[in-house]
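Chains as they are written, first to last, in the working numbering: chain A, 12 to 384; chain B, 34 to 359.
Here's the structure we're looking at; comments come further down.
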C-alpha cells in the first residue's frame with residue numbers, strides 16, 4: 012500500500028525536525044506519568060487529590076537529568092521528601108503566618124542548597140506554594156502525604172516502564188542518525204559542488220523557534236561545506252551520549268546496548284577518518300593523476316556505506332562488500348607512490364591515511380551490524 | 034609536594050595548586066549559598082505579600098517566582114534574555130491556560146480529556162526547539178487547566194485572569210529584583226562566559242588526550258614510531274599530553290602564559306625524512322603541532338586583545354603551510 016503524499020510530507024518534516032525521535036520520546040516521557048496518575052485518580056476518585064496527576068510530571072523532569080538509576084531515584088526522593096515536609100508545614104502552621112513564612116524560608120534554603128538536586132527542589136517549592144491555597148489542617152496534611160507517596164510510586168514505575176519500552180528504540184534511532192550523518196559527510200567531501208548529492212540531513216539544526224548562539228562561530232568557515240561539517244560534528248559530539256552513560260536494568264536493553272556500543276564507537280572513528288578527506292576537493296585532480304583508481308573506489312565505497320545503512324535500517328540484505336579488485340589496485344598505486352620520489356601534498360597524505368582507516372573501520376562496522384542478518 | 038590518592042589514580046599536585054583549588058572550592062560554595070539565599074528570600078517575600086495583603090489567588094506570586102528560578106541551574110549569565118523568556122513564557126502560559134479553560138472546558142467538559150494530548154504536543158515542541166520560553170509556557174499553562182478540571186472554583190476570564198496576570202508580574206519582579214540585589218553575579222555574563230570557554234577547551238583537551246590514547250599504544254603498535262632515534266613512544270606520549278594540558282589550561286595562556294611545546298614538535302617534524310611522511314605518526318605529530326600553534330596564536334591574540342576572525346580560518350591552507358614550514 013502506498014503512503015499518501017500528505018502523510019509522507021508530515022513524516023519527512025517530523026524526521027527533519029527530530030531525526031533521532033528524541034523529542035517524541037521525551038514528550039511521551041513527560042506525558043506517561045501524568046497518564047498513569049490520571050488512571051489511578053479515575054480509579055480511586057479521591058476528591059481534590061489531582062496532585063497525583065501533576066506531581067509525577069514535575070518529578071520526572073529533574074530525574075531525567077541523571078543517567079544512573081541511583082541519581083534518578085535520589086532526585087525523585089528528594090523532590091517528594093522536600094514537598095512532603097513543606098506541605099505538612101503549610102498544613103500545620105497555617106494559623107501562624109509569621110512562623111509559616113520563617114519555616115518555609117528555612118526549608119527552601121536547605122532544599123535549594125543542594126546543587127545536584129536544585130532543579131528538583133525548585134519544582135518542589137513550586138508545588139508547595141500552591142498548597143497554601145488549599146484546605147489546611149492535620150487531617151488534610153496527612154491526606155496529602157498519602158497522595159505524595161502514591162505519586163512517588165507512580166513516578167518510579169513510570170521511569171522503569173519508560174526504560175523498558177523506549178531504550179532500544181532510542182538507541183536504534185540514534186545509530187541510524189549517526190549513519191546518516193556519516194553518509195552525508197562522505198558524500199559532501201568526495202563530490203564536487205556541481206555534482207548532484209543526496210543528503211539526508213540537509214537542514215541540520217534549522218528548526219523554528221530554536222535559537223542557537225553557537226552558530227556564530229561559523230563565521231570562521233569559508234564555505235558551506237565546512238559549516239555543514241561543523242554542524243555534523245556538533246551533532247556527533249552531543250548525540251548518543253546516553254549510549255555511553257545511561258544505566259539500564261532490563262536485560263534486553265543491556266544486551267542491545269552491549270551489542271551496539273562498538274558500532275557507536277566505530278561510527279565516531281569513521282567520522283574521524285572522514286575528516287581526513289576534508290580537503291579532497293582541493294586536490295581532486297592531483298589525486299586522480301597519482302592514484303587513478305580513487306574515483307572508482309570512492310563510488311564503490313559510497314554504495315557500500317549506503318547499503319550498510321539500508322541493511323541495518325530495513326533489516327534486509329543489500330550487497331555490502333567492497334570490490335577487492337579495486338581496493339587492491341588502489342593499494343598498489345599507493346605503494347608505488349610511496350616508493351617513488353614524487354613530492355606529495357599534505358592533503359593527499361591526509362586523504363590516503365583517512366581513506367585507508369575508513370576502509371578498515373567500515374569493514375569492522377559491517378561485521379558488527381550485519382552478522383545478525 | 035602533596036600526593037592525593039583516589040580510588041584508581043594517584044595525582045601529584047603542588048601546594049600552590051592545592052591552595053588554588055581550595056580557593057575555587059570556597060568561592061563555588063559561597064556562590065551556591067548566595068544563590069540559595071536569593072531563591073529562599075524571593076519566595077519568602079512572595080509568601081509574605083500573599084499572606085499579609087490576603088490577595089485572592091495570591092499563591093500565584095511565589096509560584097511565579099519559583100518558575101522564574103527554574104532556570105537557576107542552567108548557568109548564570111545572559112540574564113536579560115533568560116528573564117525575558119521566563120516573563121514572556123509565564124504570562125503567555127497563564128493567558129493560554131485561562132483561555133482554554135474558558136473557551137473550551139467550561140463550554141463542554143469533554144475538552145478536559147484533551148489535556149494529556151496538549152501536554153504531549155507542548156513538550157514535543159519544547160524538545161524540538163529547546164526554547165526555554167516554551168517550557169515556561171507549558172508549566173504555567175497547565176496550572177489553571179488542572180485547577181479547572183479538579184476544583185469547583187470558577188476561573189473567570191475577566192477578574193480572575195486579570196488578578197493572576199498582576200500576581201505574575203509581581204512574582205516576576207520579585208525574582209528579578211532578588212537576583213539583581215542578592216545574587217549580583219547572576220547579572221554578569223563574565224562568569225559564565227569564562228566557565229563555558231574553559232569547558233570548551235577542556236573538551237578539546239579531552240579529544241586530544243583520547244586521540245593520543247588510541248593512537249599511542251605502547252604494547253600493541255610499536256611499529257607506529259617512525260625512527261627510534263628521533264622519537265620514542267614515551268616521548269610522543271609526553272608531547273601529546275603536553276598539548277592536551279595546554280588546552281586544558283587555555284585560560285592561563287589567555288593571561289600571557291607561554292611554553293616551548295610548538296618548538297619541540299617543530300624540531301621533531303623537521304627531523305622526519307620525506308619518505309616517512311606517509312606514516313600515520315607523521316600526520317599525528319603534524320596535527321599536534323597545528324593544534325599547538327593554534328593555541329599559541331589564540332592565546333597571544335586574546336592576551337594582546339587584537340583577536341580577529343580572519344586570523345583563524347580553520348582551513349586556510351596558506352596559513353597552515355606557512356606555519357608548518359616557516
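For every residue, glycine included, the Cβ atom is placed at its ideal position computed from N, Cα and C.
From a predicted model like this one, the values you see are computed outputs, not experimental measurements.
Residue-level contact to chain A via CB, residue i, 9 Å cutoff
i                      : result
residue 70 of chain B  : yes
residue 131 of chain B : no
residue 228 of chain B : no
residue 85 of chain B  : yes
residue 319 of chain B : yes
residue 169 of chain B : no
residue 315 of chain B : yes
residue 76 of chain B  : yes
residue 304 of chain B : no
Under the three-state DSSP convention, the category residue i falls into
i                      : result
residue 178 of chain A : helix
residue 261 of chain A : coil
residue 147 of chain A : coil
residue 183 of chain A : helix
residue 75 of chain A  : coil
residue 140 of chain B : coil
residue 83 of chain A  : helix
residue 130 of chain B : helix
residue 2 of chain A   : The question about residue 2 of chain A has no answer, for chain A in this structure spans 12 to 384.
residue 274 of chain A : helix
residue 282 of chain B : coil
residue 236 of chain B : helix
residue 127 of chain A : coil
residue 211 of chain B : helix
residue 354 of chain A : coil
residue 154 of chain A : helix
residue 297 of chain B : helix
residue 289 of chain A : coil
residue 241 of chain A : helix
residue 21 of chain A  : helix
residue 89 of chain B  : coil
residue 16 of chain A  : helix
Beta-carbon proximity list for residue i, same chain, < 7 Å, skipping 5 on both sides
i                      : result
residue 289 of chain B : 336
residue 282 of chain A : 193, 196 and 247
residue 124 of chain B : 198 and 201
residue 258 of chain A : 78, 79 and 80
Test: residue i CB closer than 9 Å to a CB of chain B
i                      : result
residue 251 of chain A : no
residue 385 of chain A : No answer is possible for residue 385 of chain A: the residues shown for chain A start at 12 and end at 384.
residue 157 of chain A : no
residue 100 of chain A : no
residue 180 of chain A : no
residue 364 of chain A : yes
residue 112 of chain A : yes
residue 304 of chain A : no
residue 148 of chain A : no
residue 373 of chain A : no
residue 284 of chain A : no
residue 319 of chain A : no
residue 77 of chain A  : no
residue 108 of chain A : yes
Residue i burial status per 10 Å Cβ neighbour count (16 or more: buried)
i                      : result
residue 62 of chain B  : exposed
residue 132 of chain A : buried
residue 363 of chain A : buried
residue 15 of chain A  : exposed
residue 330 of chain A : exposed
residue 186 of chain A : buried
residue 101 of chain B : buried
residue 243 of chain B : exposed
residue 180 of chain A : exposed
residue 318 of chain B : buried
Nonlocal neighbours in the same chain, by C-beta distance under 8 Å from residue i, ignoring five residues either side
i                      : result
residue 84 of chain B  : 91
residue 74 of chain B  : 211 and 215
residue 167 of chain A : 84 and 87
Beta-carbon contacts of residue i that lie in its chain and below 6 Å, excluding the five residues immediately before and after
i                      : result
residue 122 of chain B : 166, 169 and 170
residue 75 of chain A  : none
residue 362 of chain B : For chain B, the structure presents residues 34 to 359; residue 362 of chain B sits outside this window and is missing.
residue 293 of chain B : none
residue 137 of chain B : 144
Name the residues in the stretch 127 to 156 of chain B whose C-beta lies less than 9 Å from a C-beta of chain A; which are they?
Sequence-ordered contacts of the stretch 127 to 156 of chain B with chain A read 148, 149, 150, 152, 153, 154, 155 and 156 [C-beta pairs closer than 9 Å].
If you measure beta-carbon to beta-carbon, which residues of the stretch 113 to 129 of chain A are closer than 7 Å to chain B?
Cβ contacts with chain B: 115, 116, 119, 120, 123, 124, 126 and 129.
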